[in-house]
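Enquirer: My questions all concern the structure below.
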Amino acid sequence: MSQRQFLSFMLGNEEYGVDIKHVHEILTWKEITAIPNTPSYVLGVMNLRGSIIPIVDMRRRFCMSEKPADDHTVIMVLNLKGRDKTRIAGLMVDSVRDVYDIDDEQIASPPDFGSGIDTDFISGLATLRKEDQDTENLIILVELSQLLDADMLSRSSDVNANIAPEEELDPTPLAS
Amino acid sequence: MSGEFDEYLPEFLEETLQGISDFEQMVIDTDPQAGAPDLDLVNGMFRIAHSLKGNALMLGLENIGNLSHEMESLLHSLRDKPQLFDSGIVDCLLHCMDVLRSMCADISQGVDPALDQPDALMVRDELANQIARLEGKGSGEGAHVEGGGKENLSPIKNLTTELLLSDLINNNEAQEQPFWRISFRPRENARFTSVADPLKLAMQMSRWRLSSVQVLAVDQLPFLDQMNPQQCYLGWEFQIIDSVSRSDLDNLLIPWYEMGEISIQELQKSPAGHNELSGDTRVGDINAEKEDTTSLVGNKALASNGGVADSVRVDISKIDELINLTGEVLIQHSMLARTVMNLPQTDDVDLEKLHEQIDALGTQMREMQENVMFVRMLPVRHVFNRLPRMVRDLSRKLGKKVKLQMTGQETELDKSVLEGILDPLIHLVRNAIDHGIESPQKRVAQGKPETGTLAVSAWQQGGRIVIEVCDDGKGIEQEVVVQRARSQGLLVGGDDLDAEQIYQFLFIPGFSTAKNVTDVSGRGVGLDVAARNIRGMGGVIDVTSTKGRGTQLQLKLPLTLAVTDGLLVRIGRQQFVVALTSILESVHINSQKIQSIAGMGRVIHFREAYIPVVDLRRIFHYHDAKSLKLDREENPSVPHLLLVLEAENLQLAIPVDELVGQQQIVIKNMELNYNAIPGIGGATILSDGKVALILDVIALGWLFRTLVSHRAIKVA
């Protein structure tokens, strides 16, 4: 039986967990530079001690409603092992909550939601009983390798798909 | 793979690749036409093969070890019969280098290289045949290693275990006196593992030339039935001919001190000037170890004074980290400076002095940053070294005689630029030999020396590096180029082209003036690729040529790709950096000067040319629609501000809101943690710690062109 540690974070009322060995550090909200031609969930890039790292808005990633950044908003800096290389990226989440020890056998595979919910990002579900209060809470374990996959990025960075028609751009009248 | 030595592999590979290129150079320096080769060269090659063998076997890479062993045998036989040297041997040795290179490539990918690959088998047959020929045994067909003379080593697989100590001894023909005598007597209860195997010590020693290896008997050898198979009863004594520095010896021997008693005796004063007492014996106990450290320190100091090369191999990522850190420190500094600037004047703080000190700190830190940048610089020799081999192979293949002259090999360039110029340079050199230099008959008929000269040189000119490829061949025939351009439909009319315009055709994809396509060049790919690579690095190619006299190609490159001068501009809410080299001008213009053209976009009439105005929103799509919204869209009284950019041979004007300022920027890679974004050449960190994107003007031009052609198709 093997046990792993998970760091949990909140998105709305839902609690998510990532394997703690991937977590580099937690940063408070900093200004982010937007980048063009990217999927909407890539907020932009940030300077992490001289390296440029992308920031992923987890609410947008999971197609949840948007919420402006507040005092609790943090960026979890993780290393993501993708198919081709390991990247360092920041995940913007509502807040960081707790660290749990979870046994492998406590983890259930995600149910099939049909085509409505993409379960590629979920590696499993774990239900934890809190000893002090007699409550149970569900932790959704996130599959990190799928978050910033190269294929997904290139899909929407096709430039020609994004070209706005000329007429919409500059409303100021041209000289005739 | 061998596993236990994996950590030494990168170093081994680097050393081996260096060895291969040195070896190649030596092979090429021997001139088979001149008869017997220079013995120094043969000895040099032998040394490289020998240390390669030693290193490879030490790491358990038997295949490389075995191949180098066979090479060594060939060189050994060659030393005995230098008069039999011919171009066959040269080819054979060069093939060995090719096979070794591909083996190294295998290893770096984690594959154990096999000796039974077709290439390897062929080269081993070749080796065996050459050895047989030198040994006078006739062609031994398919006999892999039988020609090894006294070293009959088949089956080859067992080489490590069958390796004889005598094999380590260098043929000491010159009767050189040894410099060092080293003896090693294992402790009685020494436990030999695969890591500390006495054979390994012998192998390690053999990186130097040894004049003798002796087995030292112990005082009393027990009877056979009383022998403990776990115990080592023998000792060894090595005599080294090379004047190795004491610190090198110590470095090698340190792990062995705990295995037994090691004595080092200096037999001659080495020229490097070691002033140590000769003949100190050390016993591998703690006390002696302590004394060792002191003498080691002393030795290192000596080595640095004694002209022994003082250099350290450092992983490039460590340097990049250092560059990042210095950049961060500078940002921190400017933030500190700003805070101090805003401090109110009070009596108990001497603000004047504080400012002064912060300024001084800033100067020093910028100096530090510059110095750190220079650590990445490497001499251009690393790229030039690839040329002699190529020139030799090519000229032989094409039946031409070419003499290669190289100058300025020590000119330094950033590692990334250096990597970027390798392919273009190879293209240019191939081109010069294939198209430039004529066949010997033609040259003689034209009164030129039979052998053509290809001069490759490098020098620094201002903030740029110039690399020149110059041949004395037939030059570029302008009429042929023009004719060809017409027949390929690239040129319509226009008879009054100047030389420069004509030469531009050479860089168009698919353009070639060669009448016959060879596998060397002539397909018209090459020059355009070279030009694109060079321009991609912010460099230019200049061509000058005189018909019948030769062609001169100059590559002008930035010293480094990591730092550039840029202009920070604001477009809406975004800040971008544009490299100064691609900016032609910035102009304030009123609306009347911007003309709309039939749905294809807008142009400005500027300095006798019509330049398309490209709104970046057509290329860059942001989620926040207001990101690139210009000020004048809110307030039409703001005049148009356009930045006129030069992208290869296309000019573009992009509307901007503000020119923020010019500054030196450190270019950061976006692909490291994210992906490449078309039109964005990277990012940089501004003095307030924020990230700004760098516009890739050439890619913008290219994107704009596809944009226009898409539209044109749609309209049609």
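So the protein sequences, as listed, match chains A and B. The working numbering puts the first residue of the first sequence at 1, with every later residue one more than the last. The working numbering puts the first residue of the second sequence at 177, with every later residue one more than the last. For each residue, glycine too, the CB sits at the ideal point set by N, CA and C.
How would you list, in chain order, the residues of chain B whose beta-carbon sits under 9 Å from the beta-carbon of residue 33(A)?
Expert: 750, 751, 859, 866, 867, 868, 869
Enquirer: Does any residue of chain A bring its CB to less than 9 Å from the CB of residue 848(B)?
Expert: yes
Enquirer: What are the start and end residues of the alpha helix (DSSP H) that includes residue 544(B)?
Expert: 527-551
Enquirer: For the region 840-858 of chain B against the region 57-67 of chain A, are there 3 or more C-beta pairs whose distance is under 8 Å?
Expert: Counting Cβ pairs under 8 Å, fewer than three are found: no touch.
Enquirer: Which chain A residues sit within Cβ distance under 7 Å of residue 503(B)?
Expert: 50
Enquirer: Between which residues of its own chain and residue 732(B) is the CB-CB distance below 6 Å, once the five residues before and five after are set aside?
Expert: 640, 642, 715, 716
Enquirer: Is any beta-carbon of chain A found at less than 9 Å from that of residue 803(B)?
Expert: yes
Enquirer: Compare the Cα-Cα distances from residue 17(A) to each of 99(A), 66(A), 27(A), 79(A) and report the closest residue.
Expert: Distance from the Cα of residue 17(A) is smallest, within the candidate group 99(A), 66(A), 27(A), 79(A), for 99(A).
Enquirer: Could you spell out where the alpha helix (DSSP H) holding residue 216(B) opens and where it closes?
Expert: 215-234
Enquirer: For residue 554(B), write down the residues that DSSP places opposite it in a beta bridge.
Expert: Beta-bridge pairing by DSSP links residue 554(B) to 589(B).
Enquirer: Checking contacts by CB at 9 Å: is residue 46(A) closer than that to chain B?
Expert: yes
Enquirer: Please specify which runs of the beta strand (DSSP E), each continuous and at least 3 residues long, are wholly inside the region 85-125 of chain A, giving them in chain order.
Expert: 86-93, 95-103
Enquirer: At a CB distance below 7 Å, what residues from the region 64-83 of chain A approach chain B? Give them in sequence order.
Expert: none
Enquirer: According to DSSP, what are the bridge partners of residue 628(B)?
Expert: 578(B).
Enquirer: By Cβ distance, which residues of its chain are closer than 6 Å to residue 829(B), with the 5 residues on each side in sequence left out?
Expert: 780, 787, 789, 818, 820
Enquirer: For the pair the region 103-112 of chain A and the region 72-86 of chain A, tell me if three or more CB-CB distances fall below 8 Å.
Expert: no
Enquirer: With distances taken from CA atoms, which of 564(B), 632(B), 494(B), 378(B) is nearest residue 429(B)?
Expert: 378(B)
Enquirer: So for residue 401(B), helix, strand or coil by DSSP?
Expert: The answer is helix: DSSP assigns residue 401(B) an H, G or I state.
Enquirer: Should the region 866-878 of chain B be called in touch with the region 24-43 of chain A, which here means at least 3 C-beta pairs below 8 Å?
Expert: Touching, per the Cβ criterion.
Enquirer: How would you call residue 300(B), buried or exposed, if buried means at least 16 neighbouring beta carbons within 10 angstroms?
Expert: Buried, by the Cβ-count rule.
Enquirer: Look up residue 772(B) in the DSSP assignment and give the residues it is bridged to.
Expert: 778(B)
Enquirer: Quick one: which chain A residues come within Cβ less than 8 Å of residue 788(B)?
Expert: Within chain A, no residue comes near residue 788(B); the closest Cβ sits about 12 Å away, beyond 8 Å.
Enquirer: Are the C-beta of residue 723(B) and some C-beta of chain A separated by less than 9 Å?
Expert: no
Enquirer: Closest Cβ-Cβ distance between residue 150(A) and chain B: below 9 Å?
Expert: Any reading at residue 150(A) is ruled out, since the residue's pLDDT is 47, under 50, leaving its predicted position unreliable.
Enquirer: Under a Cβ-count criterion, where at least 16 other Cβ atoms within 10 Å of its own Cβ denotes burial, should residue 587(B) be classed as buried or exposed?
Expert: A residue is called buried once 16 or more other Cβ atoms fall within 10 Å of its Cβ, and residue 587(B) is buried on that count.
Enquirer: Indicate the three-state DSSP secondary structure (helix, strand or coil) for residue 16(A) in the structure shown.
Expert: Reduced to three states, the DSSP call for residue 16(A) is strand.
Enquirer: Taking only the alpha-carbon atoms, compute the straight-line gap between residue 15(A) and residue 139(A) and give it to the nearest angstrom.
Expert: 5 Å
Enquirer: What's the C-alpha gap between residue 206(B) and residue 619(B)?
Expert: 25 Å
Enquirer: In whole angstroms, what separates the C-alpha of residue 712(B) from that of residue 874(B)?
Expert: C-alpha of residue 712(B) to C-alpha of residue 874(B): approximately 8 Å in a straight line.
Enquirer: So for residue 432(B), helix, strand or coil by DSSP?
Expert: helix
Enquirer: Is residue 258(B) closer than 9 Å to residue 225(B) when the C-beta atoms are compared?
Expert: no
Enquirer: Residue 511(B): buried (16+ other C-beta within 10 angstroms of its C-beta) or exposed?
Expert: exposed
Enquirer: Give me, in chain order, the residues of the same chain whose beta-carbon lies closer than 6 Å to that of residue 255(B); leave out the 5 immediate sequence neighbours on both sides.
Expert: 218
Enquirer: Pull up the CB-CB distance for residue 683(B) and residue 707(B), whole angstroms please, since I reckon it's below 8 Å.
Expert: 4 Å
Enquirer: Contact criterion: CB-CB distance below 9 Å. Does residue 173(A) meet it with respect to chain B?
Expert: Summary for residue 173(A): the model assigns pLDDT 40, below 50, so the residue's position carries little reliability; its value from the coordinates is reported in the next sentence. Taking 9 Å as the CB threshold, residue 173(A) lines the interface with chain B.
Enquirer: Whether or not the region 582-597 of chain B and the region 626-638 of chain B are in contact is what I'm after, with contact meaning three or more pairs of Cβ atoms, one per stretch, closer than 8 Å; do they touch?
Expert: yes
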